[in-house]
Amino acid sequence: MDQSTENKQEILCIGSVLWDVVGRATIAMRAGSDVPGRIQRIPGGVAMNIAMALGRFGLQPSALTAIGIDPEGEELMAACTRLGVDTTHAYRSPDLPTDQYMAIEGANGLIAAIADAHSLEAAGARILSPLRDGPLGTSEAPYEGTIALDGNLTHALLEEIATDPAFARADLRVAPASPGKAERLLPFLRHGRATLYVNLEEAGLLCQQIFDTSEEAASALVARGAKRALVTNGANPCSDGNADGVITAAPPEVLVTRITGAGDTFMAAHMAAEISGMARGAALTRALEAAAIYVSGELPS
């Protein structure tokens, strides 16, 4: 397969591309709160959030996902084009409606969220056809670029990917879609093929223990088989662990105005920094700075 310099700058983002419906209030909320705020409907999903962030960092994101052939899907495809996310290889089905995600955020963080990614799960391995049967790669000539993979895929499909020859030469970066889906990443601990991007809670779920610091969590994930693990912990220090040890850095202090998409921005910024040639410590710092700018609201949604 042709791996020209231009193609090597393209990143495949595999997972959810859907509509985010996010309600945000500027005051603290609790269960049952009924307060004024703003409601937005914007393109989202873990794979989409990562892809949009990669585009802001000068890379060429392409999404492997499932998008319905319905009015919502056509509108989403057009939005992806406007935002610089290539959906040429997206799986389209008239039988599967376009997925969506709903979240409520207050000044005290995420209050509740519901992810409806049933169409992505139903599409299953069909979204991977371009990597298995061409034009992006095959088992005999695997894709050699960078792949961002999100945990909205089913556990069975993630298990397949962890050992699939079509992914053997890729720089595979994986993130759970939410703490509730963190355990879907267990195959990547067993097979040691991927870099994991998780928060402290997700790391605890994967290791079945409670961690006080990101450093402890990153070390434990590597000990359990992860090739590499980056663990965030909100405004507290973040850690990057691999076979050479664990490094830690603290995020800048900012006023938090939004939460949804922060982890995806961190992951995309870190990937972009390393692709540009930054050393491990510098890449971690750059990613934390980018995430801080995002949660402060200085970048557009």
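Under the UniProt record's numbering, think of the first position of the sequence shown as 1, with each following residue one higher. A virtual CB, placed ideally from N, CA and C, is assigned to each residue, including glycine.
Local Cβ density within 10 Å of residue i, reported as buried at 16 or more and exposed below that
| i | result |
| --- | --- |
| D212 | exposed |
| D20 | buried |
| S33 | exposed |
| I39 | exposed |
| P252 | exposed |
| P176 | buried |
| residue 302 | The requested residue 302 does not occur in the structure, where the chain is confined to residues 1 to 301. |
| S276 | exposed |
| I210 | exposed |
Whole-angstrom C-beta distance between residue j and residue i, which should lie under 8 Å
| i | j | result |
| --- | --- | --- |
| L76 | T98 | 6 Å |
| L205 | A182 | 4 Å |
| D244 | I50 | Not really, about 25 Å apart at Cβ, beyond 8 Å. |
| residue 302 | T146 | Because the chain in this structure spans residues 1 to 301, residue 302 falls outside the shown range and cannot be described. |
| N152 | G15 | 5 Å |
Any non-hydrogen atom of the ligand ADP closer than 7 Å to residue i Cβ
| i | result |
| --- | --- |
| A250 | Absence of the ligand ADP from the depicted structure is noted, as is the absence of any ligand whatsoever, leaving it without description. |
Continuous beta strand (DSSP E) stretch holding residue i: start and end
| i | result |
| --- | --- |
| M102 | Q100 to G106 |
| T248 | G245 to A249 |
| T257 | Unbroken run through T257: none, as it is neither H nor E. |
Inter-residue spacing [alpha-carbon to alpha-carbon] between residue i and residue j
| i | j | result |
| --- | --- | --- |
| R228 | M48 | 23 Å |
| V35 | A25 | 7 Å |
| G241 | A218 | 5 Å |
| L284 | D95 | 42 Å |
| L149 | L255 | 29 Å |
| Y91 | G281 | 38 Å |
| R193 | E74 | 35 Å |
| T195 | C80 | 26 Å |
| R224 | C207 | 8 Å |
| A103 | A115 | 8 Å |
Where the alpha helix (DSSP H) containing residue i begins and where it ends
| i | result |
| --- | --- |
| R286 | R280 to V295 |
| D264 | A262 to I275 |
| N49 | V46 to R56 |
| V35 | Here V35 belongs to no alpha helix (DSSP H), and DSSP marks it neither H nor E. |
| I161 | H155 to T163 |
| L59 | No alpha helix (DSSP H) holds L59; DSSP gives it neither H nor E. |
| L221 | S214 to A223 |
| R132 | S129 to R132 |
task = Mind the definition here: the segment 48 to 60 touches the segment 100 to 118 only if three or more C-beta pairs lie below 8 Å; say whether that holds.
result = A contact between stretches requires three or more CB pairs, one per stretch, nearer than 8 Å, and the segment 48 to 60 fails this requirement with the segment 100 to 118.
ask   = Between the segment 117 to 133 and the segment 261 to 271, are three or more C-beta pairs nearer than 8 Å?
value = Result no; under three Cβ-Cβ pairs closer than 8 Å.
query = Is the number of C-beta pairs between the segment 35 to 46 and the segment 180 to 194 that are closer than 8 Å three or more?
reply = no
message = Check whether the segment 161 to 174 and the segment 186 to 203 are in contact - that is, three or more C-beta pairs closer than 8 Å.
response = yes
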